[in-house]
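Beneath this line is the structure, given in structure tokens, with notes to follow.
Number of protein chains: 2
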Amino acid sequence: MNIKGFQFSAVEAAIKKPGRLDLALIFSETPAAVAAVYTTNKVKAAPVLLDMERTRNGSCQAIVVNSGNANACTGPRGMDDARETTRLVAEGLGIPDEAVLVSSTGVIGVPLPMERIRTGIRPLVDGLSGGTLDEVARAIMTTDTFPKLESRKGSAGGKEYTIAGIAKGAGMIMPNMATMLAFIVTDAAVEPAWLRTVFAAGIERSFNAITVDGDTSTNDTAVIMANGAAGNPPLTGSADGAADFVRLLDEVLLALAKLIVRDGEGATKFVEITVRGARSDADAKRAAMAVANSCLVKTAFFGQDANWGRIFAAVGYSGADVEPERTELFFDDVLMVKNGVFAGGDAEARGTEILKQKEFKVVVDLHLGGGAATVYTSDLSYDYVKINADYRT
Amino acid sequence: MNIKGFQFSAVEAAIKKPGRLDLALIFSETPAAVAAVYTTNKVKAAPVLLDMERTRNGSCQAIVVNSGNANACTGPRGMDDARETTRLVAEGLGIPDEAVLVSSTGVIGVPLPMERIRTGIRPLVDGLSGGTLDEVARAIMTTDTFPKLESRKGSAGGKEYTIAGIAKGAGMIMPNMATMLAFIVTDAAVEPAWLRTVFAAGIERSFNAITVDGDTSTNDTAVIMANGAAGNPPLTGSADGAADFVRLLDEVLLALAKLIVRDGEGATKFVEITVRGARSDADAKRAAMAVANSCLVKTAFFGQDANWGRIFAAVGYSGADVEPERTELFFDDVLMVKNGVFAGGDAEARGTEILKQKEFKVVVDLHLGGGAATVYTSDLSYDYVKINADYRT
Numbered sequence: 423m424n425i426k427g428f429q430f431s432a433v434e435a436a437i438k439k440p441g442r443l444d445l446a447l448i449f450s451e452t453p454a455a456v457a458a459v460y461t462t463n464k465v466k467a468a469p470v471l472l473d474m475e476r477t478r479n480g481s482c483q484a485i486v487v488n489s490g491n492a493n494a495c496t497g498p499r500g501m502d503d504a505r506e507t508t509r510l511v512a513e514g515l516g517i518p519d520e521a522v523l524v525s526s527t528g529v530i531g532v533p534l535p536m537e538r539i540r541t542g543i544r545p546l547v548d549g550l551s552g553g554t555l556d557e558v559a560r561a562i563m564t565t566d567t568f569p570k571l572e573s574r575k576g577s578a579g580g581k582e583y584t585i586a587g588i589a590k591g592a593g594m595i596m597p598n599m600a601t602m603l604a605f606i607v608t609d610a611a612v613e614p615a616w617l618r619t620v621f622a623a624g625i626e627r628s629f630n631a632i633t634v635d636g637d638t639s640t641n642d643t644a645v646i647m648a649n650g651a652a653g654n655p656p657l658t659g660s661a662d663g664a665a666d667f668v669r670l671l672d673e674v675l676l677a678l679a680k681l682i683v684r685d686g687e688g689a690t691k692f693v694e695i696t697v698r699g700a701r702s703d704a705d706a707k708r709a710a711m712a713v714a715n716s717c718l719v720k721t722a723f724f725g726q727d728a729n730w731g732r733i734f735a736a737v738g739y740s741g742a743d744v745e746p747e748r749t750e751l752f753f754d755d756v757l758m759v760k761n762g763v764f765a766g767g768d769a770e771a772r773g774t775e776i777l778k779q780k781e782f783k784v785v786v787d788l789h790l791g792g793g794a795a796t797v798y799t800s801d802l803s804y805d806y807v808k809i810n811a812d813y814r815t
Numbered sequence: 423m424n425i426k427g428f429q430f431s432a433v434e435a436a437i438k439k440p441g442r443l444d445l446a447l448i449f450s451e452t453p454a455a456v457a458a459v460y461t462t463n464k465v466k467a468a469p470v471l472l473d474m475e476r477t478r479n480g481s482c483q484a485i486v487v488n489s490g491n492a493n494a495c496t497g498p499r500g501m502d503d504a505r506e507t508t509r510l511v512a513e514g515l516g517i518p519d520e521a522v523l524v525s526s527t528g529v530i531g532v533p534l535p536m537e538r539i540r541t542g543i544r545p546l547v548d549g550l551s552g553g554t555l556d557e558v559a560r561a562i563m564t565t566d567t568f569p570k571l572e573s574r575k576g577s578a579g580g581k582e583y584t585i586a587g588i589a590k591g592a593g594m595i596m597p598n599m600a601t602m603l604a605f606i607v608t609d610a611a612v613e614p615a616w617l618r619t620v621f622a623a624g625i626e627r628s629f630n631a632i633t634v635d636g637d638t639s640t641n642d643t644a645v646i647m648a649n650g651a652a653g654n655p656p657l658t659g660s661a662d663g664a665a666d667f668v669r670l671l672d673e674v675l676l677a678l679a680k681l682i683v684r685d686g687e688g689a690t691k692f693v694e695i696t697v698r699g700a701r702s703d704a705d706a707k708r709a710a711m712a713v714a715n716s717c718l719v720k721t722a723f724f725g726q727d728a729n730w731g732r733i734f735a736a737v738g739y740s741g742a743d744v745e746p747e748r749t750e751l752f753f754d755d756v757l758m759v760k761n762g763v764f765a766g767g768d769a770e771a772r773g774t775e776i777l778k779q780k781e782f783k784v785v786v787d788l789h790l791g792g793g794a795a796t797v798y799t800s801d802l803s804y805d806y807v808k809i810n811a812d813y814r815t
């Protein structure tokens, strides 16, 4: 895939086990508009803290990413290591340090193996001529079972552009935690302030609408770079093609987010949970997330059990406004609960059939207002416990 | 055990499988001061809604409890059934309907089998002469593997009294949800308003400080009845022996709460999590609960993996104030993390040894203030998934 003015590279730096790419570089030949969303965790990894400073001015030119080590809970040394990594990349590329972002994912609490990273950066920069975004997608994987790459083509002001994104998901490298990373590149020209607005909104409907286990990592990062190489007049809210750009960007983000859930640790089901008729969108999301994160609901999904009572209870404790006697619940198009009580008839049998599918929808209608939200989750299986408990044994 | 002026009874009403007690009665020969704490779930079962009305005036005389059916999400019919159950008991005992409370635990969304309950109430009332609190403790079990009963003796104003309590725990009957029920009886005389205060405070430190899976049931109920048969001057904040009563009550509540965690579904570990040095007690509890409910932390406990990074991350997303570079973390007395980074040395090896124990403590010191809280939790095991996914297969 060609995204004009971007170059990619990935190498084996021996941070992970032999035979796996683990150091990657995304480079824009010219300074690009940048927007980013970071973990809300108050314990933030060093690369997150550094990138938060550097994306504030709305421009950057390169992102270096390593997997195998999260550089989290590593104190002042971790900050030094993150800075040095970006400095080495900046020197190789001949650009200012401040134009380079860094992301890390993997083991927590262990210093970065800087000798390996130092050694890896030269071939990484040299490899830019021949690398691909797909290689970068593979280099950022941890326990992901497949690389995650999505793209769309659009046009604005008579110029064709591409939006391409990669992500890694809720995998863990023992003894550590899940980290979600996503990097989006586009050759469209986009006005930086507007890019920030539409990117944050898209993240809310995609990466912030998925959950595998409800744990927010120290390293979660989503970055978009727009370098303008397509030559369109910079996109803003009022520009021709702006709505189209937002739609295509949202599609890329949502597709990547769904891939993360599908690749969730031990996942055997992909479940879309919609809450509608809520007092507000925020209430709807609160209720949907409570359902999506309930261990009882998720084990019932794994057990293929049409256990609507657990869903009902999760909505009840979510904090969202709910009047049980008005609430409806559907599995796909089967009405399971009406006015807060079991719908009866063949609902149990039909609901159980739906839960045997690999994918299904849960819809809760609160009948209180116009608020709605959709989130995506997986089930909670033996393999989830196995992956997260038994990795070292 | 004899708690003056209280009688107990339990029978098989065929709500559960044959051979198991499932209908129980606690009766005070005279009206007793009553205080209660109910689920915060907005989806409340019929018996909870009825009891909330009836405990408001601070007095009651009997509690009828069934297991095997939660009478939750059962609509208007559920309320009628709850009322009829209390009316039949009241008639049998010759007391007003309003003096009878009712609790239910078990299957959700299925109407109570009222014919069986109607048939059971006569022998239930007749059995009061020969029953015991231990039988009641057994009759309220669902997937609990042992009955939970605790008692303490004290004295006030020269009169001996007993506080005895029973509880059932985070077990589920498929296709349904966990419910926590606790009933405390004492023959001490206690002023109703003060009883309410000290009971609510005790619950906060006990039943509200435990978690197995973070799901709040529709039926959670804790009730205390104090009938004054011991003959002491009624206890209030300023009375002789008040502090002692609070201490003994707290001991009973905490002991019962810990039994529930020990009997948690699939639990192989009992973990005490303390957060101290927080900006406030509320912040400390928020952080401790986030750790206790984290699937990643709980699977690491199951895997006996000294994965302090997951604990650190859970504190970080809890919403509590935290400055990572000041935070310390201990497993029992082993310092794992100092100033936000791994303590090094033999901490990893020693921490792993501690996690091999059946019971251990996790202490997080935020070094920000004087707030502290302790909560109790279990691990997340294959058996948790099995119990909650595979019950019907």
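Chains as they are written, first to last, in this note's numbering: chain A, 423 to 815; chain B, 423 to 815. Quick reminder that beta carbons are idealized off the backbone N, C-alpha and C, glycines included. This one's a predicted model, so the numbers in the text were calculated from it and none came from an experiment.
- Under the Cβ distance rule, Ala700(A) does not count among the residues neighbouring chain B, no pair being separated by less than 8 Å.
- The alpha-carbon separation between Tyr739(B) and Asn463(A) amounts to approximately 4 Å.
- From the beta-carbon of Gly762(A), the residues of chain B found nearer than 7 Å are Cys495 and Gly497.
- Among the residues of the region 788-808 of chain A, those with a Cβ less than 9 Å away from any Cβ of chain B are Asp801, Leu802, Ser803, Tyr804, Tyr806, Val807 and Lys808, in the order of the chain.
- Taking a contact to require three or more Cβ pairs closer than 8 Å, the region 480-492 of chain A and the region 652-667 of chain A do not qualify as touching.
- Two segments are said to touch when three or more pairs of C-beta atoms, one from each, lie closer than 8 Å; by this definition the region 451-459 of chain B does not touch the region 492-509 of chain B.
- A contact between stretches requires three or more CB pairs, one per stretch, nearer than 8 Å, and the region 721-736 of chain B meets this requirement with the region 760-776 of chain B.
- Distance between Gly663(B) and Leu617(B), taken at the CA atoms: about 14 Å.
- The Cβ neighbour count for Thr452(A), taken over all protein chains shown within 10 Å, is under 16; the residue is labelled exposed.
- Put simply, the backbone Cα of Asn761(A) is about 14 Å away from that of Ala467(B).
- The three-state reading of DSSP puts Thr690(A) in coil, since its state is none of H, G, I, E or B.
- By the C-beta criterion, the region 627-641 of chain B is judged to be in contact with the region 683-692 of chain B, since at least 3 inter-stretch pairs fall below 8 Å.
- When the alpha-carbon of Leu777(B) is set against those of Glu750(B), Ala722(B) and Leu788(B), the nearest one is in Ala722(B).
- Using a 10 angstroms sphere on the CB of Met647(A), the tally of other CB atoms reaches 16 or more, which defines it as buried.
- Inter-residue distance for Val522(B) and Asn479(B) is about 13 Å (C-alpha atoms, whole angstroms).
- Of the other Cβ atoms in all chains shown, fewer than 16 fall within 10 Å of the Cβ of Asp755(A); this residue is therefore exposed.
- Using a Cβ-Cβ distance cut-off of 8 Å, the region 741-759 of chain A and the region 433-445 of chain B are not in contact, since fewer than three pairs of beta carbons, one from each stretch, lie closer than that value.
- Listed along the chain, the chain A residues whose CB falls inside 9 Å of the CB of Trp730(B) are Cys495, Ile530, Gly531 and Pro597.
- Within chain A, not a single residue places a beta-carbon under 7 Å from that of Thr633(B); the smallest gap is close to 10 Å.
- Within chain A, no C-beta atom comes nearer than 7 Å to that of Phe692(B); the closest sits roughly 17 Å away.
- Secondary structure note for Gly793(B): it is in no alpha helix (DSSP H), and the uninterrupted beta strand (DSSP E) holding it is Gly793 to Ser800.
- Around the beta-carbon of Ser551(A), fewer than 16 other beta-carbon atoms lie within 10 Å, marking it exposed.
- Sequence-ordered contacts of the region 737-752 of chain B with chain A read Val737, Gly738, Tyr739, Ser740, Gly741, Ala742, Asp743, Val744, Glu745, Pro746, Glu747 and Thr749 [C-beta pairs closer than 9 Å].
- Shown in chain order are the members of the region 702-720 of chain B whose Cβ falls below 7 Å from a Cβ of chain A: Ser716, Cys717 and Leu718.
- Interface annotation, Ser639(B): in contact with chain A, CB-CB separation under 8 Å.
- Here Ala611(B) is near Gly650(B), since their CB atoms are less than 8 Å apart.
- Around the C-beta of Lys780(B), fewer than 16 other C-beta atoms lie within 10 Å, and the residue is accordingly described as exposed.
- Between Ile539(A) and Ala494(A), the gap from beta carbon to beta carbon reaches 8 Å or more.
- Between Phe428(B) and Val547(B), the CB-CB gap reaches or exceeds 8 Å.
- Of the other Cβ atoms in all chains shown, 16 or more fall within 10 Å of the Cβ of Met711(A); this residue is therefore buried.
- The DSSP-derived three-state label of Asp787(B) is strand.
- Using a CB distance below 9 Å, the part of the region 437-463 of chain A facing chain B consists of Thr461, Thr462 and Asn463, ordered along the chain.
- Between Asn641(A) and Val470(A), the gap from beta carbon to beta carbon is short of 8 Å.
- Contact annotation for Phe782(A) against chain B: no contact, minimum CB-CB distance about 16 Å [criterion: below 7 Å].
- Against chain A, the CB of Asn810(B) has a partner CB under 8 Å away; the residue lies at that interface.
- By alpha-carbon distance to Thr554(B), the top candidate from Glu673(B), Ser800(B), Ala446(B) and Arg708(B) is Ala446(B).
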